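Visitor:
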Amino acid sequence: MNFLRRFLSGYRLPFARFEQEEGMPAASQGGCLNLLLANPRLIIALFVIGGGIFKYYSGTTEYHNDFTGHEQRVARYTPEGEIRLGLASAPEMVRQFGGEVADPKSTALVNRVGQRIVSSTLVRETPYRFQFHLLRDDQTINAFALPGGQIFITAALLKLLKNEDQLAGVLGHEIGHVVGRHSIQQMAKSEFLQSLAEGVGMAISNGRDQSSVQMTEYVSKLINLKYGRNDELEADALGVRFLIECGYDPENMIGVMEILKKVSGGRQPEMLSTHPDPGNRIEHIRAEITKLRAEQK
Ligand SMILES: [Zn+2]
């Protein structure tokens, strides 16, 4: 019953209150049976829900994330599979944002800050292979992470950042999504995304042309992927932790949020794309800074 409870609570279905009926007297249970028999559509609905639960659990695997300390249900990908998927999708991501910036100074900055986070924190002990890309697009203010460690920031966002610490805040947040395995967790919840990823995975293993329609669709889907509310809070908290561990000023994570809030007129940048928006992300970041600083003393 535990798995059912977790599934129902995870999805906040109104059926969650069914579990309260476990200890009901026999007479009431008979009443439930009569209700079911009188409503064949209810039986069909229960089968559909049951089938959905079966599919979700048979197509995914439960996993303890040592990094975040949480149990999570993720699509059946090993970290190596995630790395392959990310590496195969990276060229399409670069293509959709006008290529990579040629200027060696700014690409070196992004790479240096990103690698500093990886090498100075526990991220270095994960199996992921991190690569940092500066995308040429100077209109779209955004940053992304693909599974396995491919991290991207657009020239438009880099231009707005006031210092290296803020850049570390953006990259730290995206690294947080990778080690939190948030995108494959979302894949496990979205059948469509999972089937696209499987198609892409097959294309990789068959050595087929990776610029297939499926790849384009997969990357577009990932660009617009909305992580869960808790995923964003977790990525923020990990970002703050990385900043502190690397000797950057964690207050700059708040600076990043304020910059993004000010400019997000059109499409929301990934870092603000929480749905539903907790509205108090900055407060959560402040609380995390206070907590981590107290632990350091
Ligand atoms: Zn995010």
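All you need for the numbering used here is the position in the sequence shown, starting with 1, plus 257. Glycine included, C-beta positions come from ideal geometry on N, C-alpha and C. Being a predicted model, the structure only gives us computed values, none of them experimental.
State the Cα-Cα distance for the pair T383 and D488, rounded to the nearest angstrom.
Guide: Whole-angstrom Cα-Cα distance: 18 Å.
Visitor: Out of E527, E502 and F499, state which residue places its alpha-carbon closest to the alpha-carbon of T411.
Guide: The option with the nearest alpha carbon to T411 is E527.
Visitor: Since Y334 and I441 should fall inside the 8 Å C-beta cutoff, what is the C-beta to C-beta distance between them, to a whole number of angstroms?
Guide: Yes, Y334 and I441 are in contact; Cβ-Cβ is about 5 Å, under 8 Å.
Visitor: Nearest to G406 by alpha carbon, out of V497, S447 and R341?
Guide: Ranking V497, S447 and R341 by Cα distance to G406 puts R341 first.
Visitor: Within its chain, find whatever has a CB closer than 6 Å to the CB of Q423; leave out the 5 residues flanking it on each side and keep chain order.
Guide: Only N509, G512 and V513 meet the Cβ criterion.
Visitor: How close, in whole Å, do the beta carbons of H541 and D506 come, if the pair is a contact with beta carbons under 8 Å?
Guide: About 18 Å; that fails the 8 Å criterion.
Visitor: Considering only residues of the same chain and omitting the five flanking positions on each side of Q353, which have a CB-CB separation below 6 Å?
Guide: Within the same chain, Q353 has no close Cβ partners at all.
Visitor: Indicate, with yes or no, if ligand 1 has a heavy atom lying under 7 Å from the CB of H430.
Guide: Checking every heavy atom of ligand 1 against the Cβ of H430, one is found closer than 7 Å.
Visitor: How long is the line joining the alpha carbons of R393 and M350, rounded to whole angstroms?
Guide: Using only the alpha carbons, I get a separation of about 11 Å.
Visitor: When you measure from the CB of H390 to every non-hydrogen atom of ligand 3, does any distance come out below 7 Å?
Guide: The model on display carries ligand 1 but not ligand 3.
Visitor: Name, in chain order, the residues that DSSP records as bridge partners for F389.
Guide: In the DSSP output, where bridge partners are listed per residue, F389 has I408.
Visitor: Taking buried to mean at least 16 other C-beta atoms within 10 Å of its own C-beta, is M459 buried or exposed?
Guide: Per the 10 Å Cβ criterion, exposed.
Visitor: Taking 7 Å as the cut-off, is the CB of H434 close to at least one heavy atom of ligand 1?
Guide: Checking every heavy atom of ligand 1 against the Cβ of H434, one is found closer than 7 Å.
Visitor: Grab the span of the beta strand (DSSP E) containing A347 for me, first residue to last.
Guide: First-last for A347: P336 to Q353, but that is the alpha helix (DSSP H), not the beta strand (DSSP E).
Visitor: Does the beta-carbon of M514, which I'm using as the reference point, lie nearer than 7 Å to any heavy atom of ligand 1?
Guide: No; taking the cut-off as 7 Å, the Cβ of M514 has no heavy atom of ligand 1 nearer than that.
Visitor: Can you tell me which residues form a DSSP beta bridge with V331?
Guide: Answer by DSSP bridge pairing, in chain order: T318.
Visitor: Would you list, in sequence order, the uninterrupted alpha helix (DSSP H) runs of no fewer than 4 residues that lie entirely inside the segment 418 to 500?
Guide: Counting whole runs of 4 or more residues, the segment 418 to 500 contains the alpha helix (DSSP H) stretches 421 to 436, 439 to 446, 448 to 462 and 470 to 480.
Visitor: Could you give the residue range of the beta strand (DSSP E) that holds A544?
Guide: No beta strand (DSSP E) holds A544; the alpha helix (DSSP H) holding it covers R538 to Q553.
Visitor: Comparing alpha-carbon positions, which option in R386, Q471, T397 and S363 lies nearest N420?
Guide: It is S363.
Visitor: Taking buried to mean at least 16 other C-beta atoms within 10 Å of its own C-beta, is A345 buried or exposed?
Guide: So A345 counts as buried.
Visitor: Taking 7 Å as the cut-off, is the C-beta of M528 nearer than that to any heavy atom in ligand 1?
Guide: Yes - ligand 1 has a heavy atom lying nearer than 7 Å to the Cβ of M528.
Visitor: Can you name the residues that DSSP bridges to F324?
Guide: Answer is none; F324 lacks a bridge partner.
Visitor: Please classify P361 as buried or exposed, where buried requires at least 16 neighbouring CB atoms within 10 angstroms.
Guide: That one is exposed.
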